[in-house]
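One structure below.
Number of protein chains: 2
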Amino acid sequence: MTQIYERVALIGLGLIASSMAHAMRRAGLAGEIVGTARSAETRDITRELGFCDRVVDTVTEAVEGADLVVLAVPIGVMSEVAREIGPHLAKGATVTDVGSVKRAVLDAVSPHIPDNVEFIPGHPLAGTEHSGPRSGFAELFENRFCILVPSENADVDAVDRLTVFWEGMGANVETMDVDHHDLVLAVTSHTPHLIAYTMVGVADDLRRVTDSEVIKYSAAGFRDFTRIAASDPTMWRDVFLNNKEATLEVLGRFTEELFALQRAIRTGDGEHLFDYFSHTRAIRRGIVEAGQDTDAPDFGRMGKKS
Amino acid sequence: MTQIYERVALIGLGLIASSMAHAMRRAGLAGEIVGTARSAETRDITRELGFCDRVVDTVTEAVEGADLVVLAVPIGVMSEVAREIGPHLAKGATVTDVGSVKRAVLDAVSPHIPDNVEFIPGHPLAGTEHSGPRSGFAELFENRFCILVPSENADVDAVDRLTVFWEGMGANVETMDVDHHDLVLAVTSHTPHLIAYTMVGVADDLRRVTDSEVIKYSAAGFRDFTRIAASDPTMWRDVFLNNKEATLEVLGRFTEELFALQRAIRTGDGEHLFDYFSHTRAIRRGIVEAGQDTDAPDFGRMGKKS
Chain A
1 MTQIYERVAL IGLGLIASSM AHAMRRAGLA GEIVGTARSA ETRDITRELG
51 FCDRVVDTVT EAVEGADLVV LAVPIGVMSE VAREIGPHLA KGATVTDVGS
101 VKRAVLDAVS PHIPDNVEFI PGHPLAGTEH SGPRSGFAEL FENRFCILVP
151 SENADVDAVD RLTVFWEGMG ANVETMDVDH HDLVLAVTSH TPHLIAYTMV
201 GVADDLRRVT DSEVIKYSAA GFRDFTRIAA SDPTMWRDVF LNNKEATLEV
251 LGRFTEELFA LQRAIRTGDG EHLFDYFSHT RAIRRGIVEA GQDTDAPDFG
301 RMGKKS
Chain B
307 MTQIYERVAL IGLGLIASSM AHAMRRAGLA GEIVGTARSA ETRDITRELG
357 FCDRVVDTVT EAVEGADLVV LAVPIGVMSE VAREIGPHLA KGATVTDVGS
407 VKRAVLDAVS PHIPDNVEFI PGHPLAGTEH SGPRSGFAEL FENRFCILVP
457 SENADVDAVD RLTVFWEGMG ANVETMDVDH HDLVLAVTSH TPHLIAYTMV
507 GVADDLRRVT DSEVIKYSAA GFRDFTRIAA SDPTMWRDVF LNNKEATLEV
557 LGRFTEELFA LQRAIRTGDG EHLFDYFSHT RAIRRGIVEA GQDTDAPDFG
607 RMGKKS
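Just so you know, the protein sequences line up as chains A and B, in that order. Numbering follows this note's numbering, in which position 149 of the first sequence is assigned residue number 149; successive positions increment by one, without gaps. To convert, take the position in the second sequence, counting from 1, and add 306; that gives this note's numbering.
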């Protein structure tokens, strides 16, 4: 329970920012939490829920005297917000963000950050299909990675401090090169999301044929897809617009592989299918061993019983 | 706790059959459970675990005097098993199966079933990524659908009895036309599985580029895919070989939609992406309302804490 920052400003009050507020409070990481959001409704809900010490109406007010500023807005408006807050940032402050793409955010925000302020882009690998200030909870970051992509000449103490801050919220912090981050995430998160969105769209289309049965009989496979595809549309639009090259590259490979499997189905090549499915099964073991998921036989069904 | 069948023969002792045995025992649905499997190792494990009253070495022995015979073998061997047991089935017995495709099973099994035996194909929409006799548990079918596809001239009493049996194991039983079943499942289960297998294969390929980071940073999207893609390779090979037309049709539509989204990314058409993602979000609500999943904010993460 050590205070890391005297005043933390949360710009944007959605799932991530509200969860950060809950987690900061639980661990006593911030002297004061100041929040703001563009929408008056979001600000009112936040006031009602009380997870910020103060809710203010403008971003310039929010960053005043803050030694940590967290940009938790859609990637598409990062540049605009950075331009607004730039002149009002406190000397020696750290600015970070929580966006899912890092090169685009770095390029959008950096030009607006004064020399006496550190910008350390970050990305907590955590989320649910819910969004908005009501969706936050203190445990969101527990045992999840938070990737920081500091520049080569970043202040070591500022990076350390931000690391301790995220660790205080339960995350495992790693640092990475900015472009490498975008490629890894294109594989592990962005392309899977696009695919899930697509499959749910196809099912919805076919629902007109099969009535409500597609929903009713949503077996495990499809049900997981709908959960993924229920994520925030604005956030995901911005992810794809801002991680275009990596996503398109991974998509290209995906299409190639899918066509090979499709041909195996059409020609009845059972050996190809069996080999492919055996191979992919092994990768799951690696994930369980890396501690990113459990091996529990009823995993994913526990929620159903509550 | 009413006994529905005097003797139930389980042919094949994997996840589904072992879960049925546990569920039958819990509810007292069977006077005696007789099991058999082609592999001596599986039979030994089953004897060790003790979830069958008797484990026998041959399918002909297993079905002797059984009033319910459950074919819980891969779809590819259904025909062979049916041919072997046909002459040994007790008069008045019911034969059912648990395969994920129904037209192919119906065509494979029916010719071998004598006139005085009812064949009622079935499909419990339940499973985990685990397989084998050790993976079964009594709760697998709780609150899950089991679809029966009886022929038009099926014996009503036999269908009712099988329905009560599945309900006794916790399932919600529905009946459906056999071909309609295969189309609905192609959308909700088979195609999503193929896509998940493909994405995991692509990631594994790219792992050589990104080292073990693809596994380490497997955010929610990809992690769900790996779970789906860890399912039994034999079972899934047989699903695709035996539900070829419906799967290829759904895959065709999937590819069309994916190409449209890919083009939107390439051309920077944010409006198209946003509209698509907003639309798919709505279908998730339908699934939560249909009781096939929960709305809990930490759903899918609960297992991590245990």
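Virtual Cβ for every residue (Gly too), placed ideally from N, Cα, C.
Can you tell me which of the three DSSP states residue i falls into?
i, result
"threonine 226/A", "helix"
"arginine 38/A", "coil"
"aspartate 403/B", "strand"
"isoleucine 45/A", "helix"
"histidine 123/A", "strand"
"leucine 374/B", "strand"
"valine 479/B", "strand"
"glutamate 142/A", "coil"
"glutamate 271/A", "helix"
"glutamate 32/A", "strand"
"isoleucine 453/B", "strand"
"glutamate 129/A", "coil"
"arginine 607/B", "Confidence in arginine 607/B is poor, its pLDDT being 32 and thus under 50, which makes the residue's placement too unreliable to answer from."
"arginine 161/A", "helix"
"serine 612/B", "Any reading at serine 612/B is ruled out, since the residue's pLDDT is 26, under 50, leaving its predicted position unreliable."
"threonine 308/B", "coil"
Using CA coordinates, which residue listed in the options is at the minimum distance from residue i?
i, options, result
"valine 404/B", "Ala535/B, Leu316/B, Ile501/B and Thr561/B", "Leu316/B"
"glutamate 448/B", "Asp461/B, Asn478/B and Thr352/B", "Asn478/B"
"glutamate 458/B", "Asp488/B, Leu431/B, Gly433/B and Pro427/B", "Pro427/B"
"glycine 65/A", "Glu6/A, Ala229/A and Arg47/A", "Glu6/A"
"proline 439/B", "Ala343/B, His486/B, Ile534/B and Val362/B", "Ala343/B"
"aspartate 44/A", "Leu71/A, Met20/A, Thr60/A and Gly12/A", "Gly12/A"
"isoleucine 228/A", "Ala196/A, Val239/A, Leu206/A and Gly35/A", "Ala196/A"
"phenylalanine 222/A", "Arg529/B, His499/B, Glu555/B and Asn548/B", "His499/B"
"alanine 378/B", "Ile322/B, His486/B, Glu347/B and Glu577/B", "Ile322/B"
"cysteine 146/A", "Phe165/A, Ala138/A and Phe137/A", "Phe165/A"
"methionine 326/B", "Thr481/B, Pro430/B and Glu480/B", "Pro430/B"
"isoleucine 381/B", "Ala414/B, Val365/B and Thr400/B", "Ala414/B"
"threonine 58/A", "Ile85/A, Leu68/A and Gly136/A", "Ile85/A"
"glutamate 551/B", "Arg572/B, Val490/B and Ile419/B", "Val490/B"
"aspartate 115/A", "Glu129/A, Ser135/A, Lys91/A and Ala138/A", "Lys91/A"
"glycine 476/B", "Val314/B, Gln309/B, Ala329/B and Pro417/B", "Ala329/B"
"aspartate 544/B", "Glu271/A, Leu251/A, Glu61/A and Ala230/A", "Glu271/A"
"valine 312/A", "Val556/B, Leu564/B and Ser437/B", "Residue coverage of chain A in this structure runs from 1 to 306, which leaves residue 312/A outside it and unanswerable."
"alanine 264/A", "Arg353/B, Glu519/B and Thr553/B", "Thr553/B"
From which residue to which residue does the beta strand (DSSP E) around residue i run?
i, result
"alanine 93/A", "Careful: alanine 93/A lies outside any beta strand (DSSP E) and carries neither H nor E."
"valine 362/B", "No beta strand (DSSP E) contains valine 362/B, which DSSP labels as neither H nor E."
"leucine 316/B", "311-317"
Over the uninterrupted alpha helix (DSSP H) stretch that includes residue i, give me the two end residues.
i, result
"glutamate 562/B", "550-573"
"alanine 460/B", "Alanine 460/B -> no alpha helix (DSSP H), and no H or E assigned at all."
"leucine 183/A", "178-185"
"histidine 496/B", "It is not in any alpha helix (DSSP H) - histidine 496/B carries neither H nor E in the DSSP assignment."
"valine 77/A", "Unbroken run through valine 77/A: none, as it is neither H nor E."
"serine 19/A", "15-27"
"aspartate 413/B", "409-415"
Less than 7 Å separating the beta-carbons of residue i and residue j?
i, j, result
"aspartate 488/B", "lysine 408/B", "yes"
"valine 200/A", "threonine 226/A", "yes"
"valine 621/B", "leucine 395/B", "Residue 621/B falls outside the range modelled here, since chain B spans only 307 to 612, and no answer is possible."
"leucine 579/B", "phenylalanine 240/A", "yes"
"alanine 126/A", "leucine 140/A", "yes"
"threonine 615/B", "alanine 464/B", "Only positions 307 to 612 of chain B appear in the structure, and residue 615/B is not among them; the question remains open."
"tyrosine 486/B", "asparagine 549/B", "The sequence given here places histidine at residue 486/B; tyrosine does not occur at that position. No; because the gap between Cβ atoms is not below 7 Å, this pair is not in contact."
"alanine 509/B", "glutamate 435/B", "no"
Mind the definition here: the region 576-592 of chain B touches the region 234-252 of chain A only if three or more C-beta pairs lie below 8 Å; say whether that holds.
The region 576-592 of chain B is in contact with the region 234-252 of chain A.
Should the region 384-392 of chain B be called in touch with the region 349-363 of chain B, which here means at least 3 C-beta pairs below 8 Å?
Contact annotation: the region 384-392 of chain B does not touch the region 349-363 of chain B, with fewer than three C-beta pairs closer than 8 Å.
Against chain D, which members of the region 125-141 of chain A pass a CB distance test of less than 9 Å?
As a matter of chain content, chain D is missing from the structure shown, whose protein chains are A and B.
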